[in-house]
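Using numbering that gives the first Met the number 0, you'd call the opening residue of the sequence shown number 0 and step up by one each time.
Backbone N, C-alpha and C define an ideal beta-carbon position, used for all residues, glycine too.
Notes for the one structure printed next.
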Amino acid sequence: MKNRLNNINLIKKIMIGLMLICFCVVGINTYNIDTVYAKAPQLKTKTFWVNSNQPVTISFLQNNDKKNETQPGWHQGGTINCYSETSTKSEYAYQYKIVMDKVDVTHYTPYIRVQAKNSATYRPNGTLNISSASDYQYGQDGMNRGGNQCHNLKTYYNNDEMQVYIGLGFNKSRLAVNFATMYDYNWHMSFDSNGGTECKSISGKYGTAATLPASTRNGYTFNGWSGSIGNSLKGTTSNITWTGWNDYYITMTAQWTPNDYYATFTAPKPATANSGISVSGSMDKQKFTYDAENQHLNSNQFSLTGYKFVQWHRKDNESRKIQDNGDIYNENNGKDFTLVAEWTPKIFDVTANNQGGEGGFGTIYEKYDTGYYMTSNCTTKATKLVTPTRIGYEFKGYYTGQNGKGTKLINADGSVNDNSTTNHLFASSSVVYANWEPCKYTVTLNKNGGTNGTDTIVEKYNTNFYTDKTCTTVCSYITVPTRANYIFKGYSTEKNNPVENNSLAKGNTIITSDGKITCGNTDFTADTTLYAIWVPKDYKVGLNADTISGVEVPSKGTKEYFEKYSLYNYVNQPEAIASASNTMSYSFGNYTGQWKSFTAPYDGEYTFTSNGKSTTYHLKENETIKVYVR
0 MKNRLNNINL IKKIMIGLML ICFCVVGINT YNIDTVYAKA PQLKTKTFWV
50 NSNQPVTISF LQNNDKKNET QPGWHQGGTI NCYSETSTKS EYAYQYKIVM
100 DKVDVTHYTP YIRVQAKNSA TYRPNGTLNI SSASDYQYGQ DGMNRGGNQC
150 HNLKTYYNND EMQVYIGLGF NKSRLAVNFA TMYDYNWHMS FDSNGGTECK
200 SISGKYGTAA TLPASTRNGY TFNGWSGSIG NSLKGTTSNI TWTGWNDYYI
250 TMTAQWTPND YYATFTAPKP ATANSGISVS GSMDKQKFTY DAENQHLNSN
300 QFSLTGYKFV QWHRKDNESR KIQDNGDIYN ENNGKDFTLV AEWTPKIFDV
350 TANNQGGEGG FGTIYEKYDT GYYMTSNCTT KATKLVTPTR IGYEFKGYYT
400 GQNGKGTKLI NADGSVNDNS TTNHLFASSS VVYANWEPCK YTVTLNKNGG
450 TNGTDTIVEK YNTNFYTDKT CTTVCSYITV PTRANYIFKG YSTEKNNPVE
500 NNSLAKGNTI ITSDGKITCG NTDFTADTTL YAIWVPKDYK VGLNADTISG
550 VEVPSKGTKE YFEKYSLYNY VNQPEAIASA SNTMSYSFGN YTGQWKSFTA
600 PYDGEYTFTS NGKSTTYHLK ENETIKVYVR
């Protein structure tokens, strides 16, 4: 009866165990199981402990072997108890006390099975002997008897479950069931900066967060890291976990957005530009994107009178030049920048319009706001130019307008008015106009033996004749001179002795006998002298016996003769006969004379005087000679 009660108690105790969850599976460690057949009952009394960091389930197979089979000849008896205790091992959280009291282990070992299962973060990972001398142990009955080397410790895995079977041959005082935990593993994070600054790898325990570094990249905004644990992560991550029973290796790649940057345009006029001009036009700032290709500046929209846009330069770096519509690629390392317009003076042809004159300089060149030059490459300054000429006019300079209007650019002596006021007269190819003033010529009236009358008149070229150089009173008639025994026949361009007829006078008659100026107002191109034309008066001398005492009145020959004052005497008053057959052409000035006949009344010498010259001829009575009248 007593044995039966003991057996019932033992069966109850076998049903007691502890269970909790564990995780994961590792390798399998196997120890051979030896079977020993004892000839006599063997009882095992032993106390030992099981420590672990996770709960385990302990089962007692006192009546069965490890296969849960009842073997023939099994000697049941004794007790096995399990107690949960406070762990005495600081490195283990859980401790179980196993007490075997006179357990029959004669034929097959009644196993004690320690089971451990995987959980989310733990898994069994073998056993470890942690016995020490101080461990309490009692009751070694039957342990040293010969032939008692029965079943040793065996550890094996069944799926995700580890089972430890403890048999007769187990002589340790403590057994630790090892667990591998995810917290024993580390994550290792490396960084692909993707063009940014390098970041060192970091590591951490399972279930801990990572403090992510921040990479920098010129021209880009950092958008965080992307990888297997998430995208666009910055700062501190959530706790990092994974499912594999090993270290976790992560590569995070930096994510970037290229920055936009802007160009601002400014176009101040050059310091040397005149105050009368200003820059016109405007340009909005222009956006560029870092690392983007095929980006170009917008076309220049500024303009400045007299200047040509050349290029841009950076305000912060004047040596950095950029052409209009130039390529822009990561300018200023992707930072905003300001472009300043550069200008160069334009060059304009300035052509002379001589306004009827001849000669002159032809063309010079204005370099705007700079000055005037002889050649289009503007290397030689134009300082004094060849001036034009024009008959009857005085050159007064070149002006921007006709008839002396506008601004005088070139003086009468050819010197160029090149100064800050005139060096920007033209904003395109232009013409300057010669300004002319009619010359004033003094016409001296040489009276040629006469007296009184007008002494001088003034011709204002191509304008009129005036009484003096003030040219305020027009002179159409002069006061004619007088001369005894002569008749005034006008003024000629050549000096003449008295002539029989004014038509015989040399030169051109400019002023008629009545004092009228008949010439045009362009006849004189210099100071000039005109000469009075005088025609001697005619006097008739009659040969009358009544008046010549003691002289026989001639009965034949010439009865009278004529005197041309200061020129000659003649019998027959000469008259021009256009139809006379004995007409001989004799030009003197513009006069054509004729021949006349003279018959001597007596035998003797006769003197003929003409124009102050006398010739004597001996003529016989009634001899006739021809006298040329001029």
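- At a Cβ-Cβ threshold of 8 Å, K459 and N434 do not count as neighbours.
- Across the structure, K88 and S118 are spaced so that their CA atoms are roughly 23 Å apart.
- By the neighbour-count criterion, in which a residue is buried when 16 or more other Cβ atoms sit within 10 angstroms of its Cβ, L127 is exposed.
- In this model, W241 and A179 are separated by some 14 Å (Cα to Cα).
- Distance from W244 to G194 at the Cβ level is roughly 36 Å; contact not present, criterion being Cβ atoms closer than 8 Å.
- Between the C-alpha atoms of I111 and T207 there is a straight-line separation of about 38 Å.
- Following the DSSP letters along the chain, one finds M181 in no beta strand (DSSP E), marked with neither H nor E.
- Per DSSP, the unbroken beta strand (DSSP E) holding M161 starts and ends at E160 to I165.
- The DSSP assignment places complete beta strand (DSSP E) segments of no fewer than 3 residues inside the segment 172-227 at 173-180, 185-191, 201-204 and 219-226, in order along the chain.
- Under the criterion of beta carbons closer than 8 Å, H423 and G514 do not qualify as touching, at roughly 56 Å.
- Leaving aside the five residues that flank V176 on each side, the residues in its chain whose CB is nearer than 7 Å to its CB run, in chain order, V49, S51, V55, V113, A115, P123, T126 and V163.
- DSSP, reduced to helix, strand and coil, places Q294 outside both helices and strands of the structure shown, so it counts as coil.
- Assignment of S502 by DSSP, reduced to helix, strand and coil, places it in the helix class.
- Using a Cβ-Cβ distance cut-off of 8 Å, the segment 522-533 and the segment 483-496 are in contact, since at least three pairs of beta carbons, one from each stretch, lie closer than that value.
- Counting the other CB atoms within 10 Å of its CB gives Q300 a total below 16, which places it among the exposed residues.
- Taking a cut-off of 8 Å on C-beta distances, the segment 379-387 does not touch the segment 313-331, as fewer than three cross pairs fall below it.
- The beta carbons of V473 and T455 sit no closer together than 8 Å.
- In the DSSP secondary-structure assignment, Q94 is bridged to N50 and E84.
- Counting every other CB atom within 10 Å of its CB across the protein chains shown gives Y182 a total below 16, marking it as exposed.
- As DSSP reads the structure, S491 sits in a beta bridge with T508 and Y530.
- Considering only G506, D537 and N500, the residue with the shortest C-alpha distance to T528 is G506.
- Distances from the CA of S130 to each of E90, L174 and W186 were compared; the closest alpha carbon is that of L174.
- Per DSSP, the unbroken beta strand (DSSP E) holding P123 starts and ends at Y121 to N128.
- Comparing alpha-carbon positions, the option among K199, V349, N273 and D522 lying closest to S419 turns out to be N273.
- The three-state reading of DSSP puts N329 in coil, since its state is none of H, G, I, E or B.
- For the segment 329-394, the full-length beta strand (DSSP E) segments reaching 3 residues or more read 336-344, 346-352, 362-366 and 370-372 along the chain.
- Three or more Cβ pairs closer than 8 Å define a contact, and the segment 359-375 falls short of that threshold against the segment 398-407.
- Taking D100 as the centre and dropping the five residues before and after it, the same chain places the C-beta of T44, G77, T78, I79, N80 and G138 closer than 8 Å to its C-beta, in chain order.
- Residue pairing from DSSP places Q285 in a beta bridge opposite A262.
- As computed with DSSP, F59 is found in a beta bridge with I111.
- In this structure, Y367 lies away from P387, with their beta-carbon atoms at least 8 Å apart.
- By the criterion of a C-beta distance shorter than 6 Å, M161 is surrounded in its chain by A115 and P123, once the five residues flanking it on both sides are discounted.
- Straight-line measurement puts the Cα of S58 at about 57 Å from the Cα of S214.
- Excluding five sequence positions before and after S429, the CB atoms of its chain that fall closer than 7 Å to its own CB belong to F347 and V349, given in chain order.
- A straight-line Cα-Cα distance of about 17 Å links S227 and K204.
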